[in-house]
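A short write-up of the structure that comes next.
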Amino acid sequence: MPDIKTTPDLNRKAKLEAFDRLLTIMDELRENCPWDKKQTLESLRHLTIEETYELSDAIIENDLDEIRKELGDLMLHNVFYARIASEKKVFDVADVLNGVCDKLVERHPHIYGDVEAEDEQAVKENWEKIKLKEKGNKNASVLGGVPKSLPALVKAMRIQEKARGIGFDWEKKEQVWEKVEEEMQEFKAEFNAETPENIDKEKAQQEFGDLLFSLINYARFIDINPEEALERTNKKFIKRFQFLERESAKDGKSIGNMTLAEMDEYWERAKYDR
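Anchor point for the sequence shown: position 32 equals 32 in UniProt numbering, and the numbering is continuous, going up by one each time.
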């Protein structure tokens with residue numbers, strides 16, 4: 001192992017003690033709490049997904065205190081899974097931690113070996129090539145590591161990142177934008193029928209998917225996270241719509257009985273509400 005310089009961690013002892021405390025509490029709960037004793041890998045799964053989304057919300061809101069709490073919840077889940085696995089005599093938390101440490105060393109040969117990587121892209125390309133080599137199957141797909149259950153928008157991002165990792169990508173953002181415009185025209189062409197009955201909904205859906213995929217691709221090229229961008233727009237819409245509901249109610253109006261023009265007046269005001 002090469003001699004790698006790092007900044008001394010003056011709080012390492014406290015961190016190790018805190019992790020030891022979590023392991024102790026996990027053991028105590030698993031053996032004494034009726035709820036914790038009942039949990040399985042399967043029963044925890046949906047709770048872990050929920051906690052992950054709560055962490056995502058906290059990050060988007062830049063709520064550092066909430067991020068701390070949600071990281072704690074996810075850390076608990078990781079320890080919980082490892083505890084259950086140790087009862088099955090499959091692995092324990094030490095195996096989990098050593099496994100990820102071994103993987104990090106293996107996939108950073110530019111730090112722990114003699115490989116050179118001058119920029120972030122070179123690191124990503126090395127990472128994907130090493131992953132394929134680890135699988136030991138010459139027929140293994142670069143895209144095989146993308147979880148099937150990922151939300152479609154996030155999955156599109158990961159697919160594109162994986163492909164880029166082995167060099168399959170556009171060279172310039174202008175080329176990607178040309179593709180966006182091409183897909184927009186193809187999608188638009190599907191709605192040029194004279195009557196709605198003549199629109200091929202299946203083909204239109206396909207073209208719309210292609211358009212979204214190309215927009216996600218362009219966002220990646222200009223370093224915008226499309227999932228985060230869409231979520232911020234969702235939050236903005238919710239905030240403005242709730243302003244519309246709140247302020248119209250103050251004026252004695254029922255939102256269900258208002259005209260679109262009336263609602264638009266409140267909507268325009270909502271843009272300036274802080």
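Beta carbons are placed, not taken as given, at the ideal position from N, Cα and C, and that holds for glycine. Every value quoted in this text rests on a predicted model; they were computed, and no experiment measured them.
Quick one: is residue i buried, meaning 16 or more other Cβ sit within 10 Å of its Cβ, or exposed?
i: residue 75; result: exposed
i: residue 131; result: buried
i: residue 275; result: The chain is shown from 1 up to 274; residue 275 falls before or after that span and cannot be answered.
i: residue 239; result: exposed
i: residue 115; result: exposed
i: residue 93; result: buried
i: residue 162; result: buried
i: residue 122; result: exposed
i: residue 128; result: buried
i: residue 175; result: exposed
i: residue 160; result: buried
By Cβ distance, which residues of its chain are closer than 6 Å to residue i, with the 5 residues on each side in sequence left out?
i: residue 243; result: 270, 273
i: residue 248; result: 255, 266
i: residue 83; result: 26, 30
i: residue 219; result: 226
i: residue 36; result: 29, 30
Excluding the 5 residues preceding and the 5 following residue i in the sequence, name in chain order all residues of the same chain whose CB lies nearer than 8 Å to its CB.
i: residue 263; result: 244, 248, 255
i: residue 24; result: none
Taking the alpha-carbon positions, what's the residue i to residue j distance?
i: residue 98; j: residue 91; result: 11 Å
i: residue 198; j: residue 187; result: 15 Å
i: residue 143; j: residue 166; result: 11 Å
i: residue 16; j: residue 208; result: 51 Å
i: residue 120; j: residue 126; result: 10 Å
i: residue 106; j: residue 210; result: 36 Å
i: residue 261; j: residue 148; result: 44 Å
i: residue 172; j: residue 258; result: 48 Å
i: residue 150; j: residue 222; result: 23 Å
i: residue 236; j: residue 28; result: 44 Å
i: residue 7; j: residue 64; result: 24 Å
i: residue 158; j: residue 70; result: 24 Å
i: residue 117; j: residue 241; result: 48 Å
i: residue 109; j: residue 33; result: 45 Å
i: residue 104; j: residue 124; result: 13 Å
i: residue 47; j: residue 201; result: 37 Å
i: residue 177; j: residue 192; result: 23 Å
Could you name the residues of the same chain whose beta carbon sits closer than 7 Å to that of residue i, not counting the 5 residues immediately before and after it, in chain order?
i: residue 111; result: 4
i: residue 44; result: 77, 80, 81
i: residue 232; result: 60
i: residue 96; result: 82
i: residue 66; result: 58
i: residue 203; result: 190
| message | With three or more beta-carbon pairs closer than 8 Å as the criterion, would you say the region 205-224 touches the region 183-193? | response | yes
| query | Below 8 Å, can you find three or more Cβ-Cβ pairs linking the region 220-230 to the region 141-154? | reply | yes
| field | Three-pair Cβ contact test at 8 Å for the region 17-33 versus the region 49-65 | value | no
| request: Within the region 193-252, note down every full alpha helix (DSSP H) run reaching 4 residues or more, in order along the chain. | output: 201-221, 226-250
| query | What are the uninterrupted segments assigned as alpha helix (DSSP H) that are 4 or more residues long and contained completely in the region 31-74, given in chain order? | reply | 34-38, 41-60
| Quick one: complete alpha helix (DSSP H) runs, 4+ long, within the region 111-151? | 120-135
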